[in-house]
Amino acid sequence: MDWERILTLVAGELFAPTTAAYALAAIGLNIHFGLTGLLNFGQAGFMLLGAYGFAVSTIAGYPIWLAVLVAVACSVIFALILGIPTLKLRGDYLAIVTIAAAEIVRIVGRSTALTDVTGASSGLRGDSYKATFQALSPLGDGSTALGPFSYSNSSSNSWWLRIVGWLLVALACVLVWRLLRSPWGRVLKGIREDEDAVRSLGKNVYSYKMQALVLGGVIGSIAGIIYVLPRAVQPDSMGRPMTFWVWTILLLGGAATVFGPVIGSMVFWAVLMLIKTVMREVVPSTVLRAEQIEQFGWIIVGVTLMLLVIFRPQGMLGDKKELAINVR
Numbered sequence: 004m005d006w007e008r009i010l011t012l013v014a015g016e017l018f019a020p021t022t023a024a025y026a027l028a029a030i031g032l033n034i035h036f037g038l039t040g041l042l043n044f045g046q047a048g049f050m051l052l053g054a055y056g057f058a059v060s061t062i063a064g065y066p067i068w069l070a071v072l073v074a075v076a077c078s079v080i081f082a083l084i085l086g087i088p089t090l091k092l093r094g095d096y097l098a099i100v101t102i103a104a105a106e107i108v109r110i111v112g113r114s115t116a117l118t119d120v121t122g123a124s125s126g127l128r129g130d131s132y133k134a135t136f137q138a139l140s141p142l143g144d145g146s147t148a149l150g151p152f153s154y155s156n157s158s159s160n161s162w163w164l165r166i167v168g169w170l171l172v173a174l175a176c177v178l179v180w181r182l183l184r185s186p187w188g189r190v191l192k193g194i195r196e197d198e199d200a201v202r203s204l205g206k207n208v209y210s211y212k213m214q215a216l217v218l219g220g221v222i223g224s225i226a227g228i229i230y231v232l233p234r235a236v237q238p239d240s241m242g243r244p245m246t247f248w249v250w251t252i253l254l255l256g257g258a259a260t261v262f263g264p265v266i267g268s269m270v271f272w273a274v275l276m277l278i279k280t281v282m283r284e285v286v287p288s289t290v291l292r293a294e295q296i297e298q299f300g301w302i303i304v305g306v307t308l309m310l311l312v313i314f315r316p317q318g319m320l321g322d323k324k325e326l327a328i329n330v331r
C-alpha cells in the first residue's frame, strides 16, 4: 500500500476548496443553530441560491462584485420569504419547513422551464462563469508545487481559490468570535436557552431570529460560490445530503464554538478521504466495486452523525452546556 500517496491525498483535503466551502456553510449554520437554536435543515438551499446567483449573473456579463451581491441578495430574499411565516415555529416543525424549502429551490433549479437560465438538471458549466474570478488572481498562469502538493495557480481547483476560500473562512470565524461576545450575540444565546424569558425582558425575539437567519444564510450563499468555483453548478449535487453533511460537520466540530465548524470540516473530509482511499487499496473489486466503496463511505458518515448525537452532541470543541440539542 502506497501510504505516501494516501497521506498526501488526505492532507490535501485539509485545505481543499470544498473543505473551505463546507466550513463556511457550517459557520452559517452555527449562527442559526449554535447561537440561536434554530433547527435549519435547509442550508443547502442557501448554498444553491448563492451558486446560481453568482453563476447566472456572471454569465449575463455582470462584474464579479455585482455577481457576489446578487448571490447575497438571493439568500437574503430567500431568508425573508422563509422566515416571515415560519420563525414562530419551534423544533421539528421548523426543521420540516426548512428542508422542504431547500428542496423547492433544488426542484425549481432543475426544472426544464428554466433551462435557459439554470441549465435544468444538467446545471451550468464551470467554464461559463469562472473567468472573472480567475482574472483577479495575482498568481498568473501555470502551476506551483509546495512540497507534495501541486495545483494550478489560478484556474478551477487552484491555489488562488484556496487562498480566497480560507481567507473567507478566517473572516467568518472573526465575525462569529465578535458576535459571541457582543450584546447581540448574548441575546441570541438567550433565545436559544429560553426565548420566553428573553421576550419578557422586552426583546423582539422574532426580529433577532430573522437577523440570525439572514446572516447565516448570507454566509451559506458565499459558501455556495466557493463550492461551485472548482466545478459546475448542478442542483442535484446540492440537495438534502449536503445539508446533512453540513450538520455532521457542525456537530463533529462543536456547535456554539468559533473554530468547531472549521475543525469539523477538515476532520470530516480528511477522514472520509482516508477511508475511501484505503478501502480502494485493500478491498478487492470482487467484494466491493469503486462506486460501492463511495457509497459505503457515506454510510459511515450517517452512522457517525447518529453516534455524535447520541454520545457526544457537543462535538470535539463544544461544551455540552452550550448545546440546546433538545429545542422546544
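Heads up: the sequence shown runs through residues 4 to 331, numbered per my numbering.
Each residue gets a CB set at the ideal place from its N, CA and C atoms; glycine is no exception.
Reference residue i, options the options, closest by Cα
i: residue 265; options: 276, 314, 253; result: 253
i: residue 39; options: 208, 123, 99; result: 208
i: residue 87; options: 138, 121, 213; result: 213
i: residue 195; options: 112, 37, 19; result: 37
i: residue 319; options: 257, 287, 7; result: 257
i: residue 60; options: 102, 45, 111, 134; result: 134
i: residue 112; options: 95, 267, 58, 101; result: 58
i: residue 321; options: 21, 244, 33; result: 33
i: residue 132; options: 307, 234, 316, 292; result: 234
i: residue 247; options: 76, 271, 261, 115; result: 271
i: residue 41; options: 297, 124, 71, 197; result: 197
i: residue 301; options: 288, 245, 285; result: 245
i: residue 75; options: 182, 96, 52; result: 52
i: residue 297; options: 283, 308, 118; result: 283
i: residue 80; options: 91, 108, 192, 64; result: 108
i: residue 77; options: 91, 50, 193; result: 50
i: residue 130; options: 62, 294, 73, 90; result: 62
i: residue 238; options: 181, 121, 313, 186; result: 121
i: residue 6; options: 306, 179, 285; result: 285
Test item: CB-CB of residue i and residue j under 9 Å
i: residue 275; j: residue 304; result: yes
i: residue 231; j: residue 82; result: no
i: residue 220; j: residue 31; result: yes
i: residue 126; j: residue 240; result: yes
i: residue 103; j: residue 263; result: no
i: residue 128; j: residue 20; result: no
i: residue 308; j: residue 251; result: yes
i: residue 146; j: residue 155; result: yes
i: residue 123; j: residue 242; result: no
Cutoff 8 Å; reference residue i; Cβ partners in own chain excluding five residues on either side
i: residue 190; result: 201, 206, 211
i: residue 10; result: none
i: residue 157; result: 137, 140, 142, 143, 144, 163
i: residue 71; result: 57, 225, 228
i: residue 69; result: 60
i: residue 290; result: none
i: residue 117; result: 111, 123
i: residue 152; result: 11, 14, 15
i: residue 328; result: Reliability fails at residue 328, whose pLDDT of 49 lies under 50, so the model's placement of it is uncertain and the value that follows must be treated cautiously. Cβ within range, chain order: 312, 316.
i: residue 92; result: 100
Beta-carbon contacts of residue i that lie in its chain and below 7 Å, excluding the five residues immediately before and after
i: residue 27; result: 171, 172, 175, 222, 225, 226, 229
i: residue 8; result: none
i: residue 12; result: 276, 280
i: residue 161; result: 154, 155
i: residue 114; result: 123
i: residue 89; result: 97, 100
i: residue 22; result: 16, 268, 269, 272
Residue-chain proximity (residue i, chain C), Cβ-Cβ < 9 Å
i: residue 312; result: Among the protein chains of the structure shown there is no chain C, as only one such chain exists.
Beta bridge counterpart(s) of residue i as assigned by DSSP
i: residue 2; result: In the structure as shown, the chain starts at 4 and stops at 331, and residue 2 therefore has no counterpart that could be examined.
i: residue 236; result: 127
i: residue 159; result: Answer is none; residue 159 lacks a bridge partner.
Close Cβ partners of residue i (< 6 Å) along its chain, the five nearest in sequence each way excluded
i: residue 66; result: none
i: residue 17; result: 269, 273
i: residue 45; result: 101, 102, 104, 105
i: residue 85; result: 104
i: residue 293; result: none
i: residue 3; result: Residue 3 cannot be examined here, being either before or after the span of the chain that is shown, 4 to 331.
Beta-carbon separation (whole angstroms), residue i vs residue j, contact threshold 8 Å
i: residue 249; j: residue 54; result: Not really, about 14 Å apart at Cβ, beyond 8 Å.
i: residue 150; j: residue 24; result: No, residue 150 and residue 24 are not in contact; Cβ-Cβ is about 23 Å, not under 8 Å.
i: residue 148; j: residue 35; result: Actually they do not touch by this definition, with Cβ atoms about 40 Å apart.
i: residue 255; j: residue 311; result: 6 Å
Heavy atom of the ligand NAD within 8 Å of residue i beta-carbon
i: residue 49; result: The ligand NAD is absent from the structure shown, which contains no ligands of any kind.
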